[in-house]
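Residue numbers (our numbering): 5 to 342. In what follows, a single structure is set out as C-alpha cells and then discussed.
Okay, here's the thing in C-alpha cells:
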C-alpha cells in the first residue's frame, strides 16, 4: 500500500509524536492543516509513533484529537495496541482499550498483541489482555500460539498463566513442533516440567521425526533430559533415522549418554546408516564416549546379537511414520541426579 507524500505539517506532527512533544501535537492538530492520522511512507501514524516511544501523554492527546487506535502499519500490520503490548506498556494498553482498541488485532504474520506480549515476557500485559478477552490460542500464520512462543523464550510464569487460561498444551506449529518440543530444544527445564505436569505429550514428534528428548540430548541439556525421562519417553529408533543415544553421541555429550544408558537406552540399535552407538562414536571421533561404551562391552554384545535380530528390529522401527504415537519402553516416574 502506498500513501501520499508527507507534507511539512505531517512531518512536524510525526516528529512531535516521536519526541513526546505534546505542545507541538496540539499546535499541529489545531492548525487544520494536518490530519491526526496522517501516515508516513510505511503507513505509520502519529499515534503509533507515540505508542512505540511510550509517550503516554502524547498518546492520550492524539486519542482525544480523534486518532483511530485500530489502524495498522502497512509494512508489518502492527496496530497501536500491538506496539504497546510489545513494550509491555500497561498504562498505554489500558488507555487504548478504553478507546475500543481491538484485542486480537493481528499483524501481517498473524501475531496478536497477546502473542507479542508473551514473546517479550511481559507478564502484566499478558494478564491484562487475557482479562479483556484475548484468545490464548490465536495462532500465527505458521500456527505458533502464544504458549509456543512463551515456551520458546523461557517465560515460565507466562506459560503457567496461559495454561491456567485454557491454552492448548500440544498445539503444533506447521512443522509439527509443540510447546514442549521447543522448550526442550531451547533447554528450558522448568518449562518442560510444567508442561509435562499438565499432560504434554513427551513423544510428540516434529515432522522430521525428531522427539523432544532427541533435541535435548542432541543439544546436551542434561537437566531437560532428566525431566523428560521421568515420563518414560520412547528410546528406540525414531523416524528421523537415529536414536536419542545417537543424537547425544553426535556432539560428544557423555553425561547425557550415561543418563540414557541408565534409563535403558539400547546401545546396540543401528541407525539409518547401520551404525550402533559404539560405531557411531568412532565415526565422530568421540573417544571418551567410545571408551565408555567399550567399558560396557556393548560392541561385543552387538556382534553376538546382530545376525539374529538387528535387521528385523531396525526395519520395524524405521517404518514408524512421523507423529505416530510410540509405546514407552523404559524409564522411571521420578529421577534424582545422576
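C-beta atoms are modelled at their ideal positions from N, C-alpha and C, and glycine is treated no differently.
Should residue 105 and residue 53 be called a contact, given that it needs their Cβ atoms to be closer than 8 Å?
-> A distance of 8 Å or more separates the beta carbons of residue 105 and residue 53.
Point to revise | Three-way DSSP call (helix, strand, coil) for residue 83 in this model | key: Residue state for residue 83 is assigned as strand, using DSSP reduced to three classes.
For residue 289, count neighbouring C-beta atoms within 10 Å of its own C-beta (all shown protein chains included) and say buried if the count is 16 or more, exposed if not.
exposed
Cβ distance (whole Å) where residue 173 is taken to contact residue 152 below 8 Å
Contact doesn't hold; Cβ gap of about 10 Å is too wide.
Mapping DSSP to helix, strand and coil, what is residue 292? helix
Check: From what residue to what residue does the alpha helix (DSSP H) around residue 38 run?
Finding: Counting along the chain, residue 38 falls outside any alpha helix (DSSP H), and DSSP gives it neither H nor E.
Residue 238 - DSSP class collapsed to helix/strand/coil: coil
Q. Nearest-angstrom Cα distance between residue 292 and residue 202?
A. Roughly 38 Å separates the two Cα atoms.
_Once the 5 residues before and after residue 85 are set aside, which same chain residues still bring their CB inside 6 Å of it?_
100, 105, 117
In the DSSP assignment, find the unbroken alpha helix (DSSP H) run with residue 222 in it and report its ends. 216-223
### Exposure of residue 275, with buried meaning 16 or more beta-carbon neighbours within 10 Å
Its Cβ being crowded by 16 or more others within 10 Å, residue 275 is buried.
Measure the alpha-carbon distance for residue 147 versus residue 177 and round it to whole angstroms.
Those two C-alpha atoms are separated by around 5 Å.
Pair within 8 Å by beta-carbon distance, residue 120 and residue 89: yes
*asked:* So residue 33 and residue 69 are supposed to be a Cβ contact under 8 Å. How far apart are they, rounded?
replied: 5 Å
Give the straight-line distance between the Cα atoms of residue 320 and residue 282, rounded to the nearest whole angstrom.
Unreliable positioning characterises residue 320 in this predicted model, as indicated by a pLDDT of 35, which lies under 50. The coordinate reading is nonetheless provided below. Cα-Cα distance, rounded: 21 Å.
**Study point:** Check whether residue 49 and residue 67 have beta carbons under 8 Å apart
**Key:** Not closer than 8 Å, so no.
Discussion item. My assumption, with CB atoms under 8 Å, is that residue 257 sits in contact with residue 214. Please give the rounded CB distance.
Written reply: About 16 Å separates the two Cβ atoms, so there is no contact after all.
Open item on the list: For residue 154 and residue 207, what's the separation of their Cα atoms in angstroms?
Closed with: 20 Å
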